Amino acid sequence: MSGIDFKCLYLLDLVDRAGVPINEDEARMLMGIARRGKCCISQLKVKKMAENSGLHIFNDNEEA
Numbered sequence: 121m122s123g124i125d126f127k128c129l130y131l132l133d134l135v136d137r138a139g140v141p142i143n144e145d146e147a148r149m150l151m152g153i154a155r156r157g158k159c160c161i162s163q164l165k166v167k168k169m170a171e172n173s174g175l176h177i178f179n180d181n182e183e184a
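Residue numbers for the sequence shown follow the working numbering, beginning at 121 and rising by one.
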């Protein structure tokens, strides 16, 4: 596990604050960014954003 990826969290916060639901492609792209940064907080944020958009594409058994 790495440290906190503040750049990624800032990006996710901007997207989340827009108040617009994300689609599956966007969720997967954002998760890819979060995983590259090895920041579990960012990965959990993407998962929550996807769920808030009605998507259940990241299962609980996956690494967050």
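No residue lacks a Cβ here, since even glycine has one placed at the ideal position from N, Cα and C.
Only a predicted model underlies this, so the values are computations on that prediction, with no experimental measurement involved.
query: On the CB-based measure, 16 or more other CB atoms within 10 Å of its CB, does Ala147 come out buried or exposed?; result: buried
query: For Asn179, report the span of its alpha helix (DSSP H) as first-last.; result: Where Asn179 is concerned, there is no enclosing alpha helix (DSSP H), given that its DSSP letter is neither H nor E.
query: Using CA coordinates, which residue listed in Ile177, Ser162, Asn179 and His176 is at the minimum distance from Gly123?; result: Ser162
query: CA-CA distance, Asn143 and Val135?; result: 12 Å
query: Can you name the start and end residues of the alpha helix (DSSP H) that Gly152 belongs to?; result: Glu144 to Arg156
query: Would you kindly work out how many angstroms separate the C-alpha atoms of Met151 and Leu131, rounded to a whole number?; result: 12 Å
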